[in-house]
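Down below is the structure, laid out as structure tokens.
Residue numbers (the numbering used here): 87 to 985.
Okay, structure coming up:
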């Protein structure tokens, strides 16, 4: 039974996979609608809420066919172009037309635009290196999207052609994916890179597409899972007490919890039940715990600490700005001021005869004190006072004269004298008191009230005391601020205008602290039931968590539902795992595909004369795809085959792989190749031409882009031998900005036959006349050399094409002896004309000129005569040839004559 193993394997898969296999067997692809319905089945199987009920049907024998080439209509490419905004290809050109019963050759020189059209084909058709289309990158800006007119036909000649305009970025017509493209970029893929097997027998193809569907569905589920994970990253409130039923249940609401261990909604709502009974129980337990002696002792200790803190703060403030402290501060300022004046008077009396008599002030004394300290340091080891015994004055840096030294010694003696010392001491005492005030801070009223809130709540009496304390703290803060402002402004009168303070609350605070100490001592000595208290604390935690859960139940239920959804999506992803599918594909691929591909590759290597290369084929599964690699069987590790193979071997090997692959894709689907013989020698070029002709003989459409004229002739020869049609499209470029010009009239000169050449020469002669040809003007020399060069080549082509009737042709290795029967060479008459015509052409066609030969250009009449002689000789030879063709053939023998 066909596909028995596939049916047996399918029966062991899940229901939705069996249904997916059935759909793939019937539809060939997994459509978006089918994928959505398969997803619906997975979600339903995993418990996710879904609408409706889609029935799954298993794969059965009646759904299967061989899926082979016979079931895929042949696609032929009819035309390509015109194009818009593709590379630098000229717009408005006629389309490239392709024949369906043989080989189409698109010939053009390098850089004429062939690769641009090939890149279009790679976008539309199957290619190992599709790349991207570009606009004109040399233009300043080009925001337009490439557009290509394309025509193709599916099925036999009775079917209508489909003509469409494909826009870059759109999905190409699916039918064109049956055509395969080979070019330089894909050649490197075949030689060096692992690649997907894009052709698969039906059994492998259907499993491969199932794996791809699994991967696509898994990606969708993964996106949903990631979205849920972002929500779950925000943690739930974590204020529940350890060990309570609520805490233990909430702890399960994390992504690590499996579906079966998630709490259900009813259990969560039961845990969060809250009503009057629960509220009463919470109040009762709270009251019982609050009456616990130890708890009461802790409350009183906290209250005591608060009172002690406030007391310290008020004490610090009073030490700075009480009435007594203010009086002391004022007195210190007065004393410092008097002492300073006394020292200044003493100094003035002592130094009245000094150059500057106004000395002795506080500023002067400070300056001299600093100078003494500095001199003691820089003149360490000198006899004191260093200020006077040093070599130089520490203030002006000049050498000290005797009178200056004596003056400084007198200054020093004054500084260490009693008057100065008393002034300094008084000043320091004042500064210390002033800084003490400026550095003092007290708590604001609201801070005191907050700190004493627990104390105030004990009774009306404590509330009254707390209010008095806060009011006093407020007054104290205001006074401290006023004193600081006065000190900074040196406004001593302001200190006499300070508002009076209320009676200090410190005695009351001390009394309260003493009372609390007594109560704490009594409470701590009271016996307690630890077991009962532990039960009460546990019950309090449970009731507190229960009440909190009740307030947050909607958030918790939402989290629980998200976690359940995530678990079920995880299960959906497990359903979409394709490892088993990959392993099955690998096993079957190695049974039915890889040996076939290996055999075909060896056949291609033989046909392309590459049997000297030790090549082997390896394969593996990667995800839902099959991967193959062509490798050299070398003794040492090779990173890339291209590191070892020559350019020609690389191209031939890649083409062999491409043709082997194309055979498995389908024997009738078309092939498009760009520059298939680059770097190949003559022998392998012939082998490639023969292989492509063989493929065309099988009914495959062959399209070839080439710039190699020799290969063009080889391809035509092999097409003729294979009895298949051929057609050539000619492509060229104009200047530096027009590429992809499609015009038969612009075919290469070496391709043109004698009549075409004579026509071109006549046109060139006409253009020479229109340009006002003057033999005395050397500017015409270049044009004239070109004209005579083409005439000389035409003489040669007449010999080859007419006189010898093509028996021997350039670019063709064989000698066609059967054509000699119509050869019309007459050496007696032909040779002199050919000799003279060739000699005449050589005179002006750029050959080395003999010394002394004239530089003059020929007259126009002489040019016309040379052309006329060429044409007349060709016409006469043609007439002789036609007469020979009408004569009886040798193989027919003599004509019988009857009496």
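Heads up, the beta-carbon is just placed ideally off N, CA and C, and yes, glycines get one too.
Computed from a prediction, not measured in an experiment: that's the story for all the values here.
Taking a C-beta distance under 8 Å as the contact criterion, residue 327 and residue 630 qualify as a contact pair. In the DSSP assignment, residue 760 falls within the beta strand (DSSP E) that extends over 757-760. Selection 561, 560 and 538 evaluated against residue 550 yields 538 as nearest (Cα-Cα). Between residue 773 and residue 694 the beta-carbon gap is near 5 Å, inside 8 Å, which marks them as a contact. Assigned with DSSP and collapsed to three states, residue 917 falls in helix. Residue 931 sits close to residue 871, with the two beta carbons spaced by under 8 Å. Look at residue 382 here: in three-state DSSP terms it is helix. Counting C-beta atoms within 10 angstroms of its own C-beta, residue 904 has fewer than 16 neighbours from the protein chains shown and is therefore classed as exposed.
Within the region 539-622, the complete alpha helix (DSSP H) segments at least 4 residues long are 539-542, 546-575 and 592-610, listed from N- to C-terminus.
Residue burial annotation: residue 891 is buried, with at least 16 other C-beta atoms found within 10 angstroms of its C-beta. In the DSSP assignment, residue 817 falls within the beta strand (DSSP E) that extends over 811-820. Leaving aside the five residues that flank residue 307 on each side, the residues in its chain whose CB is nearer than 7 Å to its CB run, in chain order, 655, 658, 659 and 662. When secondary structure is reduced to three states using DSSP, residue 824 falls in the strand class.
Secondary structure within the region 310-371: the alpha helix (DSSP H) runs of 4 or more consecutive residues, fully enclosed, are 331-336 and 351-357 (chain order). Our two residues, residue 123 and residue 140, have alpha carbons roughly 7 Å apart in a direct line.
By the Cβ rule, the region 509-526 counts as touching the region 411-425, because three or more pairs are nearer than 8 Å.
For the options 882, 912, 894 and 972, the alpha carbon positioned closest to that of residue 956 is the one of 882. Nearest C-alpha to residue 352 among 103, 389 and 335: 335. Sorting 804, 798, 803 and 822 by C-alpha distance to the C-alpha of residue 814 places 798 at the top. Cβ-Cβ separation between residue 238 and residue 191: approximately 19 Å, too far for a contact (criterion under 8 Å). Within 10 angstroms of the beta-carbon of residue 755 lie 16 or more other beta-carbons, which makes it buried.
For residue 239, the enclosing beta strand (DSSP E) covers residues 233-240.
In this structure, residue 558 sits near residue 400, with a CB-CB distance shorter than 8 Å. Pairing residue 176 with residue 912, the inter-Cα distance amounts to about 49 Å. In this structure, the beta-carbon distance from residue 567 to residue 530 does not fall below 8 Å. The Cβ neighbour count for residue 513, taken over all protein chains shown within 10 Å, is at least 16; the residue is labelled buried. Of the residues assessed, residue 541 falls on the buried side of the cut-off, its CB having 16 or more other CB atoms within 10 angstroms. Around the Cβ of residue 593, a 10 Å sphere holds fewer than 16 other Cβ atoms; the residue is exposed. Out of 146, 161 and 625, the CA that lies nearest to the CA of residue 757 is found in 161. DSSP places residue 487 in the coil class of the three-state scheme, outside both helix and strand. By a beta-carbon distance limit of 8 Å, residue 959 contacts residue 923. Their separation comes to about 7 Å. Put simply, the backbone Cα of residue 786 is about 20 Å away from that of residue 771.
In this structure residue 840 is in contact with residue 887, their Cβ atoms being roughly 5 Å apart against a cut-off of 8 Å.
For the pair residue 348 and residue 653, the CB atoms are nearer than the 8 Å cut-off. By the neighbour-count definition (other C-beta atoms within 10 Å, threshold 16), residue 342 is an exposed residue.
Rounded to whole angstroms, the separation of the alpha carbons of residue 808 and residue 784 is 10 Å.
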